[in-house]
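Since the structure comes first, as structure tokens, the remarks are kept for the end.
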Amino acid sequence: MKERVFHCINVEQFDYAFLEEICDLADKIREISRTKAGMEYLASTLNHKRAMLYFVQPSTRTFLSFYSACQMLGIKCAEVRDPKTSSEIKGESEEDTVRTFSLYFDLIIMRHPRANFAEKIAYLLNKTDHPVPVINAGSGKDQHPTQALLDIYTLRRSFMHRGGVAQKKIAFVGDLRRGRTVRSLAKLLTQFEEMKLYFVAPAEYQIGEDIIAFLEQNKTEYEITDDFEKVVPEVDAIYMTRLQDEWDQEEGGHVDIDIERYSFQRRHLDLLKPDGIIMHPLPRRTEIAAEVDGDPRAAYWRQVRNGMYIRVALIAGIFQRDRKILEYYLSNNL
Ligand code: NCD
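Oh and the sequence shown: position 13 is 1069 in the numbering used here, straight run, nothing missing.
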């Protein structure tokens, strides 16, 4: 029988217990990686594996954090970032290109503009003699499951002394309709008790009906508004996003709205709760003023760092090295 492979495609796969486990593991990996011996141990855990990073949409952080995560585990990486350099230019289908990767590599990490492409590839590979795990590193306007994991991890660390993620009020601000990070995180937050989510955007960029239906199905409270200033003092976390205008052309043009109304300026710091946090998946434009960066409540650079650890934990879990890493942690009295 073929070995069962674990793909990471969308956030509907994750339940509360999984979130707890992966965040705990990421914390322990963080501790282990503080010493040279710990780093050497981690780098020995998967040094017989190879990964393909297939990123045919722009990326800085997600690409580099997966790259670093693989390096931490000793996994050797190759990359295709521009389809023009692969045989796609000769007329090969993307499906055939990715199937080829599965014959050389043990893991495929992919970012693609089509919403369901990663899922399709996982399904296709499952039917071949050589299925390898697929991780979705961003699929069109739809999902970004590993960003949602790092966001949960950041919320959990930020609210560690305030009872964790449950019962928090979280506002999403910006282009919510086309922002895949928002869509994935909003869905994942339904795993926590008594949350309230706020969607702050002009009507043109409001959150999709499918997400609202998902929240209702899962009995998560929400509010839809365009009043940013009113929401800032009410929430525990504020998740800023940029305008996703790379989709304008395909959608038939640009909608002209005053996006400055949806930006976090220095003066908003006085409105935010003393223990509230500001998040952003990055890259940012003008949604958060640079003067905000120095405030301890600015969590977006911490998010970047957390992204690396949670991805190490995810990949270790996919290759069933989580237990071994926990044993190392315990036997070294960390
Ligand atoms: C986001 C993305 O690609 O969806 N970036 C990221 O992965 N951290 C957000 C964005 O591009 O606005």
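For each residue, glycine too, the CB sits at the ideal point set by N, CA and C.
**Asked** Between the C-alpha atoms of valine 1360 and glutamate 1150, what's the straight-line distance to the nearest angstrom?
**Response** CA-CA distance, valine 1360 to glutamate 1150, rounds to 30 Å.
**Rounded separation between isoleucine 1065 and leucine 1271 - CA only** = Leucine 1271 has its alpha-carbon roughly 20 Å from the corresponding atom of isoleucine 1065.
**Asked** Given that a residue counts as buried once 16 or more other Cβ atoms are within 10 Å of its Cβ, and exposed if not, what is aspartate 1162?
**Response** A buried status is given to aspartate 1162, since no fewer than 16 other beta-carbon atoms sit within 10 Å of its beta-carbon.
**Message:** Measuring straight from C-alpha to C-alpha, what distance separates serine 1102 and isoleucine 1374?
**Reply:** The sequence shown places leucine at residue 1102, not serine. Rounded to the nearest angstrom, the two C-alpha atoms are 11 Å apart.
**Message:** Could you tell me which whole alpha helix (DSSP H) segments of length 4 or greater appear in the segment 1212-1298?
**Reply:** Runs of the alpha helix (DSSP H) inside the segment 1212-1298: 1236-1244, 1265-1273 and 1284-1287.
**Prompt:** Taking the alpha carbon of leucine 1445 as the point to measure from, which residue in Tyr1179, Val1291 and Ile1208 has its own alpha carbon closest?
**Reply:** Since the first residue of the chain shown is 1057 and the last is 1390, residue 1445 is not available in this structure.
**Item:** For ligand 1, residues whose Cβ lies under 7 Å from any non-hydrogen atom
**Value:** A Cβ closer than 7 Å to some heavy atom of ligand 1 marks a residue here, and those residues are Ser1115, Arg1117, Thr1118, Gly1194, His1200, Gln1203, Gly1235, Arg1236, Thr1237, Thr1297, Arg1298, Gln1300, Pro1337, Leu1338 and Pro1339.
**Message:** For the alpha helix (DSSP H) containing leucine 1386, name the first residue and the last one.
**Reply:** DSSP places leucine 1386 in the uninterrupted alpha helix (DSSP H) bounded by 1378-1387.
**Request:** Give the DSSP bridge partners of glutamate 1077, in chain order.
**Result:** Answer is none; glutamate 1077 lacks a bridge partner.
**Asked** When you compare each of Asn1362, Tyr1385 and Thr1141 to threonine 1202 by their alpha carbons, which one comes out closest?
**Response** For the set Asn1362, Tyr1385 and Thr1141, the Cα lying nearest the Cα of threonine 1202 is the one of Asn1362.
**Prompt:** For arginine 1317, which of Val1288, Lys1329 and Trp1303 has the nearest alpha-carbon?
**Reply:** Closest option to arginine 1317, Cα to Cα, is Val1288.
**Member of Tyr1365, Ile1280 and Ile1164 whose CA lies at the smallest distance from the CA of tyrosine 1110** = Checking every option, the nearest Cα to that of tyrosine 1110 belongs to Ile1164.
**Asked** Straight-line CA distance for valine 1061 to aspartate 1326?
**Response** Looking at the two C-alpha atoms, the distance is approximately 49 Å.
**Asked** Mapping DSSP to helix, strand and coil, what is arginine 1106?
**Response** In the structure shown, arginine 1106 falls within a strand segment according to DSSP collapsed to helix, strand and coil.
**Cβ neighbour criterion (16 or more within 10 Å) applied to tyrosine 1384** = By the neighbour-count rule (16 or more Cβ atoms within 10 Å), tyrosine 1384 is buried.
**Prompt:** Which parts of the segment 1100-1153 are runs of the beta strand (DSSP E), unbroken and 3 residues or longer, counting only runs that do not cross its ends?
**Reply:** If only complete runs of 3 or more residues are kept, the segment 1100-1153 shows the beta strand (DSSP E) at 1106-1111 and 1132-1136, in order along the chain.
**Item:** Collapsed DSSP secondary structure at asparagine 1172 in the structure displayed
**Value:** In this structure, DSSP gives asparagine 1172 a state outside helix and strand, which the three-state scheme calls coil.
**Prompt:** Using 8 Å as the threshold, is the segment 1189-1197 in touch with the segment 1068-1081, meaning 3 or more CB pairs across them?
**Reply:** Result no; under three Cβ-Cβ pairs closer than 8 Å.
**Asked** Can you tell which of Gln1376, Ile1366, Lys1225 and Tyr1179 has the C-alpha that lies nearest to the C-alpha of leucine 1080?
**Response** Here the sequence assigns aspartate to residue 1080, which means leucine is not the residue at that position. Of the candidates Gln1376, Ile1366, Lys1225 and Tyr1179, the one whose C-alpha sits nearest the C-alpha of aspartate 1080 is Ile1366.
**Touch test, the segment 1166-1178 against the segment 1110-1126, Cβ-Cβ under 8 Å, three pairs minimum** = Under the Cβ criterion (8 Å, minimum of three pairs), the segment 1166-1178 counts as touching the segment 1110-1126.
**Prompt:** Considering only the beta carbon of each residue, do alanine 1227 and tyrosine 1278 sit closer than 8 Å?
**Reply:** For alanine 1227 and tyrosine 1278, no; Cβs fall outside 8 Å.
**Item:** Three CB pairs or more closer than 8 Å across the segment 1293-1311 and the segment 1213-1232
**Value:** The segment 1293-1311 is in contact with the segment 1213-1232.
**Asked** CB of aspartate 1152 to nearest heavy atom of ligand 3: below 7 Å?
**Response** Although ligand 3 was asked about, the structure shown includes only ligand 1 as ligands.
**Message:** For the alpha helix (DSSP H) containing glycine 1392, name the first residue and the last one.
**Reply:** The requested residue 1392 does not occur in the structure, where the chain is confined to residues 1057 to 1390.
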